[in-house]
Each structure stands twice: as structure tokens, then as C-alpha cells.
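Quick note on numbering: the sequence shown equals residues 7 to 654 in our numbering.
The beta-carbon is built from N, C-alpha and C at its ideal position, and this holds for glycine as well.
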Amino acid sequence: MWRVSGFDGMEVGSEGGSWHGCEDRGYPTSFRRHTDPWRPVNDARRIAGAMRPEWPIFVLSMVATLLYVLLNSASIWLLGSVVHTVFAPVPEPSALAEAAGSINAQLKSWTAYWLWADTPIDTLRRVAWALFWIFLLKNFALYAKNTSVAWMQTRLLTRLRKLLFDRLLVLPIGFYDQRRTGELASIVINDVSKIRASLTNSLQRLMTEPINVVAFLGLLFVINWRLTIAAGLMFPISAALIHWMGTSIKRKSRRTSKQIAGVMGVLQETLTSIRIVQAFTMEKAQSERFDRTSRRFSALLYRQARLANLSSPATEMIGVSIGIVLLWIGGREVLTGSGMESEDFIRYLFLLFSVMQPVRNLARVNNQIQDGLAGAGRVFGLLDTVPSIVDREGASPMRGFSESIHFEAVEFTYEGAEGPALDAIELEIASGATVALVGSSGAGKSTLVDLIPRFYEAQGGSLRIDGVDVRQLTLASLRGLIGVVPQETVLFDATLAENIRCGRPGASREEVRAAAEAAHALEFIEELPEGFDTRIGERGLRLSGGQRQRIAIARAVLKDPPILILDEATSSLDSESEREVQRAIDELVRDRTVIVIAHRLSTVLHADRIVVLDRGRIVETGTHEELMLRAGSYKRLHQMQFAAGAGK
């Protein structure tokens, strides 16, 4: 079972190596999970659970919220009492003592007791100072509350992005075959930012506005409970309107998230392929493609904003309509002397129009929550995707490699493919041997070697190393035995030393230098102004193709694996670079088991064994000389390549 730490309710399983995800979150079929009708509630609960480590800060923010609401209610009550308190005659003590009938009367008596002075000027001074201190403390409490919420949501989002990144690191290659990089980047960046925006606005208001509404309604009940109940009859209409808008906004937000993933995908593809775009003068076509995708996103965003902007005026008009009706009813009572006193009516109006603002804010909060939950659905959908290629229960570490790699009737088919990529593969590679895999494009060469480090899982048959099924080995120990030098070198935007140290993160500076020397890379590294500390740019673009290949070889040298997978690294280099890289490869392959994916047959003439694949099946094996004598597939490939070379 897998659990993502820090998220309540996030335990997920991988029984039988099956994939799980969420059906309506845009995941491929093999990564899905049954739709959960309570998913929005569960997503909100999981966000709340993720904030559990910050509970002391949450308690502090709640204390600040309660203080703010108390002082806010006091300020509105006091403002509603200014006219009567300052300009009414000073009451006799006996009058204050007698005003003890209702809560409203007691509150008015308490206000008068603390604010009335001997003269109107002194009373005005007291009111002014009271308002100053109340507003000062209220805004201090507001600042403390908002700062606490900002701390919580910042910590939450850092944790969320780390969990997403860690999950992406362990998902197998098959997952990435079916997902666009731009879509995954959109989830990590855009959807997490949606949660942040939702938390920033909604959490602050959710902590304050409901308590504000309760406090204001309480005071309204104290002043005149009949009018307040009459006003409350209109709240179901407002609630229904808010619910309808929120549901619609959530649907639009999901579509917007998918569309921004498309925008990011086009942007990433264009920027990473900018040489091809410019070489083939594709600027106009790519610009039009980006414009079409961006316009679709903008249209969705506008429709969402149009609906969201409707909620506040609609809610306000409902509130104003209620206020006008109550103004008419209450005003008539005051004027006819049949109900409220003028002081109560003024205070009631203050409170009534004050309660509209938090109600309006809560309407906006619903929209923000729905927008955030749409992003949370995609975030948790990715977090809930469980890797199928994991350490099985009872898996043991591989201590070394000494005998052979054995493919026994291995089969594999890519999802959605019409036929198998590998079909009944029978192959044994002895320790210390050099085996070359040759065949046309799509023959299954890369798929076969990808099964060895378990980038993919064989769907039939078994793959054994030293007689042990690779599924019974821990992934870390299995992959620790294997070094990979790809045809297209992958380097990181870091220093040369850091890129070489990928082979063994704990390696010393001297070991890194020795690996570079063995890979014939030391000479050009020392010519650089900062040597091993030179940053090489994104994907190593500051280096030439041959230099990048030698850094990749140095990485493999430093790792010192007994098994080496070599995707012919010299096929795209010029003659001088090819010569340097080939010297480095000759050093690297010594005393190792080497599996070469050959693109040019001239590079594998001296392999111990050549394996010819065609449409996922092994059609021939043998040495170069043996295969040439058979006049089969290998000889035809050889003649085609050398005839093409001679024609040049």
C-alpha cells in the first residue's frame, strides 16, 4: 500500500500491479479508478487534513478572527449609537438601573454607562477615543489573521508541489507515454496555484464572514426579532442562486484547467524545438497554432469570469431588496410610534447593511472554492495515480551480477498498439559479453532493453538476472547494476561536476575528475573558465554534441555498473567528435556486460553476438561472419546500409 504523507484519506493500493486514477480527471484508461460521487467533499477534507501540521498557527488565526469579529460588531454597534449617545440628554442613574428588561435595553444601558460623561463634549471625546482603539485593535487582529492564513497556505502549497514532484518521479515510463508534459506541468503549476488562490481568498473569508454573519444576525435579533425572521425568509433564494453559480463555475474551471494545459504544451513543444521551428520556417504556423489554443483558453476564461462577476451584484440586489422592505416596515413603526424607537431603528439599519457585505463575500467565496476544488481534483487525481512498477512484498536486493540475463518467452504490447512490441522473446546474454541489437525502426530494440531496468513490465514470460526474476528484486538495487548511455544525451542545467555526479551522488571531486579523464572529457573541461563548476545550460546546450556525449559517458564511468546499455552514441556526430567519443566508449565497455542498440552496423562488427529483431521477434542471432554467411535479414540490412554509404 502507498500513502502520501500529510494528506488525510490518501491511502491507495496497488494490488496486482493495477493502475488507479480518477475516471473524470482526464487519465488514460489503464490509470483510472472508480468515480467517487463524494469527491469534492473528500478533496476539501484532504486539503484540510494537509494543513494539520500548522494547527498551532490555525488556532492563533481563529483567536485573531474571534477578536476581529467581536471588535467589528462593537464598532458597528457604537457607530449606530453615536447620535443618541452624544446628543441625547444624560440619563439619570435611576434610568440606567431601570433599563434591564431586554437584552437590547441592557446593551444600550451598558453603552450609555461607559460613554456618557458630564458634558456632551466629554461624551464626544470618549466616543472618539473608543472608536479609535476599537478600530486599531480590530485591524491588528485582521492583520494577524491574514498573516497566519498566508503562512498556512504557503506551507501547504510547498508540500503539495513536493508531493506531486515526488509522485512524478516514481511513475513508470508507460505513464508518460500517454500524458503530455505540458499537461503535467499545468497540474503542478497552474492547478496548485488555483488551490493557493482559493485558499488565500476563501479561507480568510470563511474564517471571518460566517462568524460576522452570526454576530450581526444575533444583534439584529436582539433589536427586533420579527423583522429579522422576515428578512431570513429571503436567504434560501440567495443560497440557491449561489449554489447554482458555484456548480457552473466549477464545470467551467475544469475545462479551463485542461485548456491551459494545452497552451503550456504548445509553448513547451515550440521552445524545446526552436531550432527545428526556425530551420523549417515554421514560425507563422506555430504562432497560429499557439493563437488558436490561447484563444480557446481565453474564451473559456471569459465565460467563467462573466458568471463569477454576476454573483456579487445578484446577491447584493437580493440583500438591498430585503433592506428596502425592512426600511419601509421599520420606518413606519418609528414614525407611527407603534414599534421600534428611532435609536434602535438607526442601529438596526447599520447592522442590516453591514451583514450584506459578509453575505456577498461568502457568495464570492463559493465561486473561489469551486474553482479551487476543480484544480484540487486534478492535483489529487495525479497524487492518487499509483505506480504499478514498485518493489513487491518480499523483494530482495541484488548484490551483484555474475552469470547471465535471460529473457524467457517475453511478451509486451504498448497500450493502444495494434500488435505486440515483443513477441515470445528467447534470449540469454552471458556476463561479460557484448551483444548488439539490430533491426529496422520499430523492431523492438529499445523496448527489449527497457525491460531490463523495469522501465516497463513484461506482460508475458519472465526476465531473469542470475536466475532471479527481476520482479523479485528491489528497483534501487536492480537499477544500480545498470548504466545507460542514450543516443540523445540528457544533461541538466547544473554544473559539469553535478551532471557527472548523477552517476554516484556521493562521489568525491577526485572521483569525478577521474571519471571525466576516463571519458576523454577532462581536456575540454579544463579549458572552460570555471572548469567543473561551469554551468552548461538547459539540456547542456552550451556544449557541443560530442562534449555532451562524453559527459554522459563520464557519468556511466563514475557509476561503474556491471551491465551497460549503450544506444549507439556516435551516430549523429561528426568524424572528429565520433573518434573522441568512441575512444571513451572503448574505455567504458571494458570488462562489462554490454548491450548495444545499433543504428549503424559498422559499429557492431566485433560484437560477441548480434541479435536481429523484426516486428518484435528475434529472427536471427550470431556473429557478423555467421550472419553474413546465412544471407538472411542481417545481410540484407548490411547490404542496404553499405550500398547507401557507397552511394554517398
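| Applying the criterion that 16 or more other CB atoms from any shown protein chain within 10 Å of the CB defines a buried residue, is F386 buried or exposed? | Position 380 of the sequence shown, counted from the start, is the residue given in the question as residue 386. F386 comes out buried.
| query | Under the DSSP definition of a beta bridge, which residues are partnered with S402? | reply | Stepping through the sequence shown from its first residue, residue 402 is reached at position 396. S402 has L479 as its beta-bridge partners, per DSSP.
| With F418 and A427 assumed to form a contact (beta carbons below 8 Å), what rounded beta-carbon distance in angstroms separates them? | Working through the sequence shown from its first residue, we reach residue 418 at position 412. Working through the sequence shown from its first residue, we reach residue 427 at position 421. Taking the Cβ atoms as the reference, F418 lies roughly 5 Å from A427, within the contact range of under 8 Å.
| said: Please tell me whether A54 and I201 are closer than 9 Å, where the distance is taken between their beta carbons. | reply: The residue given as residue 54 occupies position 48 in the sequence shown. The residue given as residue 201 occupies position 195 in the sequence shown. Judged by beta-carbon spacing, I201 lies beyond the 9 Å limit of A54, meaning their Cβ atoms are not closer than that value.
| Do the stretch 355-366 and the stretch 151-167 touch if we need at least three Cβ pairs shorter than 8 Å? | No contact exists between the stretch 355-366 and the stretch 151-167.
| Using the C-alpha atoms, what's the distance from I179 back to G268? | Locating residue 268 in the sequence shown gives position 262, where the first residue counts as 1. Locating residue 179 in the sequence shown gives position 173, where the first residue counts as 1. Each residue's Cα considered, the two are about 21 Å apart.
| query | What's the gap between the Cα of I506 and the Cα of L273? | reply | Here residue 506 refers to the residue found at position 500 when the sequence shown is read from its first residue. Here residue 273 refers to the residue found at position 267 when the sequence shown is read from its first residue. When rounded, the separation of the alpha-carbon atoms in I506 and L273 is 30 Å.
| said: Checking 9 Å against the spacing of the C-beta atoms, do S81 and F141 come in under that value? | reply: Indexing the sequence shown from 1 puts residue 81 at position 75. Indexing the sequence shown from 1 puts residue 141 at position 135. Here S81 is near F141, since their CB atoms are less than 9 Å apart.
| request: Can you grab the Cα-Cα spacing for the pair M57 / T160, in whole Å? | output: As a position in the sequence shown, residue 57 is number 51, starting the count at 1. As a position in the sequence shown, residue 160 is number 154, starting the count at 1. Distance from the CA of M57 to the CA of T160, rounded to the nearest whole angstrom, comes to 10 Å.
| request: Could you check how far apart the C-beta atoms of R556 and A590 are, in whole angstroms? I think they sit under 8 Å. | output: If you number the sequence shown from 1, residue 556 lands on position 550. If you number the sequence shown from 1, residue 590 lands on position 584. About 5 Å separates the beta carbons of R556 and A590, which is inside the 8 Å limit, making them a contact pair.
| task | Go to T501, then tell me how far its beta strand (DSSP E) extends in each direction, as first and last residue. | result | Counted from its first residue, the sequence shown places residue 501 at position 495. Unbroken run through T501: none, as it is neither H nor E.
| request: Report the partner residues of E4 according to the DSSP bridge assignment. | output: Lying outside 7 to 654, the shown extent of the chain, residue 4 is not represented and no answer is given.
| task | Determine, using beta-carbon pairs with one atom in the stretch 540-553 and one in the stretch 483-503, whether at least three such pairs fall under 8 Å. | result | Taking 8 Å as the limit for Cβ pairs, the verdict is that the stretch 483-503 does touch the stretch 540-553.
| query | Got a sec, what are the start and stop residues for the alpha helix (DSSP H) L528 sits in? | reply | As a working mapping, residue 528 is identified with position 522 in the sequence shown. Taken as a continuous stretch (DSSP letters only), the alpha helix (DSSP H) holding L528 covers 528-533.
| message | Here's a check: name, in chain order, each residue in its chain whose Cβ is nearer than 7 Å to the Cβ of S204, leaving out the five neighbours to either side. | response | For the purposes of this step, residue 204 is taken as residue 198 along the sequence shown, with counting starting at 1. Non-local beta-carbon contacts of S204 in its own chain, meaning distances under 7 Å to residues more than five positions away in sequence, involve Q374, I375, D377, G378 in chain order.
| Can the beta-carbon of V416 be found less than 9 Å from the beta-carbon of L457? | On the sequence shown, position 410 is the one that residue 416 refers to. On the sequence shown, position 451 is the one that residue 457 refers to. Going by C-beta atoms, V416 is nearer than 9 Å to L457.
| Does the Cβ of P535 have 16 or more other Cβ atoms within 10 Å, making it buried, or fewer, making it exposed? | Along the sequence shown, read from residue 1 onward, the residue named residue 535 stands at position 529. Flag for P535 reads exposed.
| Cα separation between V75 and K144? | Residue mapping note: residue 75 aligns to position 69 of the sequence shown, counting from 1. Residue mapping note: residue 144 aligns to position 138 of the sequence shown, counting from 1. Near 8 Å, if we compare the C-alpha coordinates of K144 and V75.
| request: Measure the C-alpha to C-alpha separation of P59 and L433 and round it to an integer number of angstroms. | output: To locate residue 59, count along the sequence shown from 1; it is residue 53. To locate residue 433, count along the sequence shown from 1; it is residue 427. Whole-angstrom Cα-Cα distance: 53 Å.
| request: Pull up the CB-CB distance for R261 and L306, whole angstroms please, since I reckon it's below 8 Å. | output: The residue you call residue 261 lines up with position 255 of the sequence shown. The residue you call residue 306 lines up with position 300 of the sequence shown. The C-beta distance from R261 to L306 rounds to 5 Å, short enough to fall under 8 Å.
| task | Grab the span of the beta strand (DSSP E) containing E626 for me, first residue to last. | result | Position 620 of the sequence shown, counted from the first residue, corresponds to residue 626. E626 -> beta strand (DSSP E) spans 623-628.
| request: Using DSSP bridges, identify the partner residues of D197. | output: The residue given as residue 197 occupies position 191 in the sequence shown. Answer is none; D197 lacks a bridge partner.
| said: Per DSSP, what are the beta-bridge partners of P410 in this structure? | reply: By 1-based counting over the sequence shown, the position of residue 410 is 404. Just to set this straight, residue 410 is Ser in the shown sequence, not Pro. A436.
| message | If I measure Cβ to Cβ from L487 and keep anything under 8 Å in the same chain, skipping five residues before and after, which residues do I get? | response | Mapped onto the sequence shown, residue 487 falls at position 481. These residues qualify, in order along the chain: M404, G406, F407, I471, P567, P568, I569.
| request: Could you give the DSSP three-state label for L212: helix, strand or coil? | output: Residue mapping note: residue 212 aligns to position 206 of the sequence shown, counting from 1. The answer is helix: DSSP assigns L212 an H, G or I state.
| task | Would you mind giving the Cβ-Cβ distance between Y354 and N218, rounded to the nearest angstrom? I have them listed as a contact below 8 Å. | result | For the purposes of this step, residue 354 is taken as residue 348 along the sequence shown, with counting starting at 1. For the purposes of this step, residue 218 is taken as residue 212 along the sequence shown, with counting starting at 1. With 8 Å as the limit, Y354 and N218 do not qualify as a contact, their Cβ atoms being about 17 Å apart.
| In three-state DSSP terms, what is G489? | The residue labelled residue 489 in the question sits at position 483 within the sequence shown. Strand, per DSSP.
| Residue closest to D573, alpha-carbon to alpha-carbon, out of T453, I352, R295 | Translated into the one-based positions of the sequence shown, residue 573 becomes position 567. Nearest option by C-alpha distance: T453.
| query | Counting along the chain, where does the alpha helix (DSSP H) carrying I179 start and finish? | reply | As a first step, residue 179 must be located in the sequence shown, where it is residue number 173. Unbroken alpha helix (DSSP H) run through I179: 179-183.
| F356 beta carbon less than 9 Å from that of L137 | In the sequence shown, residue 137 corresponds to position 131, counting from 1. In the sequence shown, residue 356 corresponds to position 350, counting from 1. No.
| query | Hey, quick one: how far does the alpha helix (DSSP H) through T599 stretch, first residue to last? | reply | Working through the sequence shown from its first residue, we reach residue 599 at position 593. From DSSP, T599 is part of no alpha helix (DSSP H) but of the beta strand (DSSP E) over 599-603.
| field | A521 in three-state terms, based on DSSP | value | In the sequence shown, residue 521 corresponds to position 515, counting from 1. In the three-state reduction of the DSSP assignment, A521 falls in the helix class.
| message | Measuring alpha carbon to alpha carbon, tell me which residue in A449, L443, V444, Q478 is nearest R460. | response | Here the question's residue 460 lines up with position 454 in the sequence shown. When C-alpha distances from R460 are compared across A449, L443, V444, Q478, the shortest belongs to Q478.
| query | Applying the criterion that 16 or more other CB atoms from any shown protein chain within 10 Å of the CB defines a buried residue, is L635 buried or exposed? | reply | Translated into positions along the sequence shown, residue 635 becomes position 629. When all chains shown are included, L635 counts as exposed.
| said: I'd like the span of the beta strand (DSSP E) that includes I666, first residue to last. | reply: With the chain covering only 7 through 654, there is no way to say anything about residue 666.
| Between which two residues does the beta strand (DSSP E) harbouring L619 extend? | Counted from its first residue, the sequence shown places residue 619 at position 613. Going by DSSP, L619 is part of the beta strand (DSSP E) stretching over 615-620.
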